[in-house]
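Quick notes on the structure that follows.
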Amino acid sequence: MKTIKTLILFMLGCGLYLFSCQSKGVKTDAPVLDVQDLTKNQPEVHGQEIKEGEIVFSASLDQAMATKGNAIYSLKCQSCHRLTEERLVGPGWKGVTQKRNPTWILNMIINVDMMLESDPEAQKLLEQCLVRMPNQNITREEALDIIEFMRKNDGVK
Amino acid sequence: MNKNTNKVMSTILMTLILITFIACKPRGIQQAISADAAGKVYVAPGKYDEFYNFVSGGFSGQMSVYGIPSGRLFRVIPVFSVDPEKGYGYSEETKPMLNTSHGFVPWDDLHHIALSVTNGIHDGRWVFGNGNNTPRVARIDLKTFRTVEIIEIPNSGGNHSSPFITENSEYVVAGTRFSIPMDDTNGDVPINTYKQNFRGTVSFIKIDPASGNMNIAFQILLPGVNFDLSRAGKGKSHGWFFFSCYNSERANTLLEVNSSQKDKDFILCVNWKKAEEYVAQGKGKKQVVKYAHNMYDEKKHMATSIMEKEVLVLDPKDLADMVYFMPCPKSPHGCDTDPTGEFIVGSGKLAAIIPVFSFTKIQKAIADKTYDGDYEGIPVLKYESVLHGEVLKPGLGPLHTEFDDNGNAYTSMFVSSEVVKWNIQSLQVLDRVPTYYSVGHLSVPGGPTKKPWGKYMIAYNKITKDRFLPTGPELAQSAQLYDISGDKMKLILDFPTIGEPHYAEAIPAELVSKNSVKIYKIEENQNPWVAKGDDFARVERKGNEVHVYMTSIRSHFVPDNIEGVRLGDVVYFHVTNLEQDWDVPHGFAVKGANNAELLIMPGETQTLMWKPDRVGVFPMYCTDFCSALHQEMQGYIRVSVPGSNVPISFSTGNTTPVQ
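Chain order of the listed sequences is A and B.
Count along the first sequence from 1, then add 210; that gives the number in our numbering.
Count along the second sequence from 1, then add 27; that gives the number in our numbering.
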């Protein structure tokens, strides 16, 4: 038992020695900047979730918005979505504004990653199509134009 | 407590004590690794590194990007060499980047890195690299990690002393390693007329502060020595530039022996502010030369190459007070200025000391004209009058010096395979560590700037031998990471590198990562061959050229069935990636193409030229795994006999059967 006590004392001494052995001049770090977080400040647009009732649609069509929506469609959507009911990569758009709630469509357009993570309907579509719908860097305003174009495609005047 | 427990505890404690002592013992080769090394270099899965390390790729011609402290390789940026993986130098858009006055040069030897600085501190905007063989300087944009500009250097025989940078990125320099007959003279002279006909130059390349665009502001005509390395002055020595040079014997054969005759060679001191005055006064002479200047437009996603036709040359024979030689022992290699700008460290490869020069003393010697004669008409400052002091017995074969933020210098010793830490003021050696083996350059984050970030030092070794699993006669070059935060340097990691790294720089990650571009906006794509949506996808014939305007998105091409091409046609596939999602490039390859693939970033357009060599149907497909249906991302192109009447046609999703 005595041996152990001696050893413990010796260890304590060594601990100090070890401490003194550590290099001087080690800088204490300033508050650590989260580099990873900085990556989020970048021009990849993921929209804010749109809540039910946030957007109110008028019964009649806004032609100017629909025209803008058409242009966005041909640049960023047409490759995967036909204007008929035919499914290409994703579902055809004919009747989509009747089948789906506009808030749901808006969130699919501007916040697809969130939808694929949490929305059962979106997940069901992924199982059918097997290609993740891409984030096409579309703003909220542009998404509203697209909805208007979808409504036009569905016969709203 | 019984006897057994007693024994066990004693053993444990004794072991601990032993470990404690071993950890504190002076380090031999095996003890060079400290016990906490693993924790210091471990970056957990999904976490980012603290520094980017931009590393020259040497004879690979490229630049690689590693994370520090993990040593993980993130990217190889194609610079001077073609890169079939990225289509660099193969796509029509990137071919002009490698144009020179000698035509298309698909390879070079990239030795040195210069990160842009503002007020002498890293600003994270651009990184420059030199082409050592066919003299060139390249600029890489750190928003996209792409080579956006390459300028060739006239009157140069090998651009080694480059691309070192001034403290506000006013200039990067280019000093010729080989002296040669000047471009506007008849170069057809006997080689042994070296002393009469061969000259050296150093070039100052102006950087536009807004765009980063380069142009050669002036060249200084110098005696025919070999310019080796250089550094800008900073702080009090801002406005000056220092170039080491060897072969003051001006030998043209067996330099190994013949350029090592003299006791001292030189460091050239250039007063570039004075040179700017002479330029402003119109004292330079315009010389007719030819050199390529290539720029990549990130909106058009394409490069253009223009041939420049003249350069402004300043001759110190007519223009006094601009350049001075400073004697430096035995074939100096590294030539490094400390963070204050007061001290210039010369490293004579064959010298047994490291001379440290004082900028204040240089100024005084110039004012007092304390000369030791002249060399080819250029005043030589007296060695003793400019010397701060010498580091005695530092080791064998000093090459390069980096600095920390505590007034210390770190010099690599090639012959004795070690790094020596010494104090700049006192010139005392403080510590030394072995490297494995034959170290070349060193990199301390911010080491060449006014504000070294310190913390780590990386050694880039020339010989690897037994450090990694053997891979036949050729081995990856080894790099070694040291913790320099304490008094003693501690080896904490070995990592393999590509090519042969020479110089490298490291920069805090946040200065670069926050600006990194994720996608190219498709709306802003100005490529003349863009197809902004499927409505614009088409195939057009122009004589014997067939232009395919193709779109790609997960997971198909439009069009994916093409007919009407005839043998003898030249087909251009202009592929636009319509994706707007980070990290979703598409690739494009067609059977029998004599070049490479395309790799098209989101929102970008790239063009592959294809000359079919036979009649038949050729598959084409996406090469970058993009989705679960990537393997379905494919198409066909039909090639008919010359003069065939199969009309041009194209489609996607057309399932109409044959009539």
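Note that the Cβ used here is the ideal one computed from N, Cα and C, for glycine as well.
Just so we're clear, the structure is a prediction, and the values are computed from it rather than from any experiment.
* For chain B, find out if any of its Cβ atoms is closer than 8 Å to the Cβ of residue 350(A); answer yes or no. => Indexing the first sequence from 1 puts residue 350(A) at position 140. So no, residue 350(A) is outside the interface.
* Asked: In chain B, which residues lie less than 8 Å from residue 286(A) when you measure between Cβ atoms?
  -> Taking the first sequence and counting its residues from 1, one reaches residue 286(A) at position 76. Residues of chain B passing the Cβ test: 549, 560, 605, 607.
* Whose C-alpha, out of 342(B), 75(B), 62(B), is nearest the C-alpha of residue 247(A)? -> Locating residue 247(A) in the first sequence gives position 37, where the first residue counts as 1. Nearest C-alpha to residue 247(A) among 342(B), 75(B), 62(B): 75(B).
* **DSSP beta-bridge partners of residue 343(A)** => Counting from one through the first sequence, the residue named residue 343(A) turns up at place 133. None, per the DSSP bridge assignment.
* Asked: Using a C-beta to C-beta distance shorter than 7 Å, which residues of chain A count as neighbours of residue 304(B)?
  -> If you number the second sequence from 1, residue 304(B) lands on position 277. Going along chain A, no residue has its Cβ under 7 Å from residue 304(B), so there is no contact; the nearest lies around 43 Å.
* **Cβ pair residue 647(B), residue 598(B) closer than 8 Å** => For the purposes of this step, residue 647(B) is taken as the residue at position 620 of the second sequence. For the purposes of this step, residue 598(B) is taken as the residue at position 571 of the second sequence. Not in contact: residue 647(B) and residue 598(B) (Cβ atoms no closer than 8 Å).
* Asked: Among residues of its own chain, excluding the 5 on either side of residue 264(B), which ones have a beta-carbon nearer than 6 Å to its beta-carbon?
  -> Here residue 264(B) is taken as the residue at index 237 of the second sequence, counted from 1. Result list for residue 264(B): 368, 386, in chain order.
* Asked: Between residue 326(B) and chain A, is there a C-beta pair that is closer than 8 Å?
  -> Counting from one through the second sequence, the residue named residue 326(B) turns up at place 299. No - not a single Cβ of chain A is within 8 Å of the one on residue 326(B).
* Asked: When Cβ atoms are compared, which residues of the stretch 647-662 of chain B fall closer than 8 Å to chain A?
  -> 654, 655, 656
* Give me the Cα-Cα distance between residue 297(B) and residue 541(B), rounded to the nearest whole angstrom. => By one-based count along the second sequence, residue 297(B) stands at place 270. By one-based count along the second sequence, residue 541(B) stands at place 514. Those two C-alpha atoms are separated by around 37 Å.
* To do: Give the range of the beta strand (DSSP E) segment to which residue 165(B) is assigned.
  => As a working mapping, residue 165(B) is identified with position 138 in the second sequence. Start and end: 163-168.
* Asked: Can you name the start and end residues of the beta strand (DSSP E) that residue 324(B) belongs to?
  -> Mapped onto the second sequence, residue 324(B) falls at position 297. Its beta strand (DSSP E) spans residues 312-324.
* To do: Please list, in chain order, all residues of the same chain as residue 310(B) whose beta carbon is under 8 Å from its beta carbon, the five residues on each side excluded.
  => Locating residue 310(B) in the second sequence gives position 283, where the first residue counts as 1. Result list for residue 310(B): 341, 345, 346, in chain order.
* Return no unless some Cβ of chain A is closer than 8 Å to the Cβ of residue 669(B). => Within the second sequence, residue 669(B) is the residue found at index 642, counting from 1. No, residue 669(B) does not count as interfacial toward chain A.
* Which residues in the same chain have their Cβ closer than 6 Å to the Cβ of residue 675(B), if we skip the five residues on either side of it in sequence? -> Numbered from its first residue, the second sequence carries residue 675(B) at position 648. Only 566, 568, 591 meet the Cβ criterion.
* **the stretch 526-534 of chain B in contact with the stretch 575-590 of chain B per 3-pair CB rule at 8 Å** => No, they do not touch.
* Backbone secondary structure at residue 632(B) - three-state DSSP -> The count along the second sequence starts at 1 and reaches residue 632(B) at position 605. For residue 632(B), the secondary structure class from DSSP, reduced to helix, strand or coil, is strand.
* Ordered along the chain, which non-local residues of its own chain (more than five positions away) have a Cβ less than 7 Å from that of residue 237(A)? -> The count along the first sequence starts at 1 and reaches residue 237(A) at position 27. A caution first: residue 237(A) carries a pLDDT of 47, below 50, which makes its placement in the model unreliable, though a value can still be read off. Same-chain partners within the cutoff: there are none.
* **Contact with chain B by residue 311(A), beta-carbon distance below 8 Å** => The residue labelled residue 311(A) in the question sits at position 101 within the first sequence. Not closer than 8 Å to any Cβ of chain B, the Cβ of residue 311(A) fails to qualify, so no.
* In or out: residue 666(B) buried (at least 16 other Cβ within 10 Å) or exposed? -> As a working mapping, residue 666(B) is identified with position 639 in the second sequence. Its Cβ being crowded by 16 or more others within 10 Å, residue 666(B) is buried.
* Neighbour-count burial assignment, residue 212(B), 16 or more Cβ in a 10 Å radius -> By one-based count along the second sequence, residue 212(B) stands at place 185. Per the 10 Å Cβ criterion, exposed.
* Min CB distance residue 354(A) to chain B below 8 Å -> Residue numbering aside, residue 354(A) sits at position 144 when the first sequence is read from its first letter. Residue 354(A) does not count as touching chain B.
* To do: Can you give me, in chain order, the residues of the stretch 572-599 of chain B that have a beta carbon less than 9 Å from any beta carbon in chain A?
  => 578, 579, 580, 581, 582, 583, 585
* Of the listed residues 579(B), 588(B), 615(B), nearest to residue 606(B) (C-alpha basis) -> For the purposes of this step, residue 606(B) is taken as residue 579 along the second sequence, with counting starting at 1. Nearest C-alpha to residue 606(B): 579(B).
* residue 49(B), DSSP secondary structure in three states -> In the second sequence, counting from the first residue as 1, residue 49(B) sits at position 22. Unreliable placement is indicated for residue 49(B), whose pLDDT of 42 sits below 50; the coordinate value is still reported in the next sentence. Reduced to three states, the DSSP call for residue 49(B) is helix.
* Asked: Do you know whose CA, among 93(B), 669(B), 668(B), 662(B), lies nearest residue 678(B)'s CA?
  -> Taking the second sequence and counting its residues from 1, one reaches residue 678(B) at position 651. With distances taken between Cα atoms, residue 678(B) lies closest to 662(B).
* Asked: From the DSSP output, which residues share a beta bridge with residue 490(B)?
  -> By one-based count along the second sequence, residue 490(B) stands at place 463. Partner(s): none; residue 490(B) has no beta bridge.
* From this set, 266(A), 328(A), 316(A), 362(A), which residue's C-alpha is nearest residue 304(A)'s C-alpha? -> Counted from its first residue, the first sequence places residue 304(A) at position 94. Ranking the options by Cα distance to residue 304(A), first place goes to 362(A).
* **Near-chain B residues of the stretch 313-345 of chain A - C-beta to any C-beta below 8 Å** => Within the stretch 313-345 of chain A, the qualifying residues are 340, 341, 342, 344, 345.
* Should residue 258(A) be flagged as near chain B, meaning a C-beta pair shorter than 8 Å? -> As a working mapping, residue 258(A) is identified with position 48 in the first sequence. Chain B contact via Cβ: absent.
* Asked: Between which two residues does the beta strand (DSSP E) containing residue 233(B) stretch?
  -> One-based indexing of the second sequence puts residue 233(B) at position 206. Unbroken beta strand (DSSP E) run through residue 233(B): 227-234.
* To do: Scan the stretch 507-538 of chain B for residues whose Cβ lies nearer than 7 Å to a Cβ of chain A and list them as they occur along the chain.
  => 512, 513, 514, 515, 536, 537
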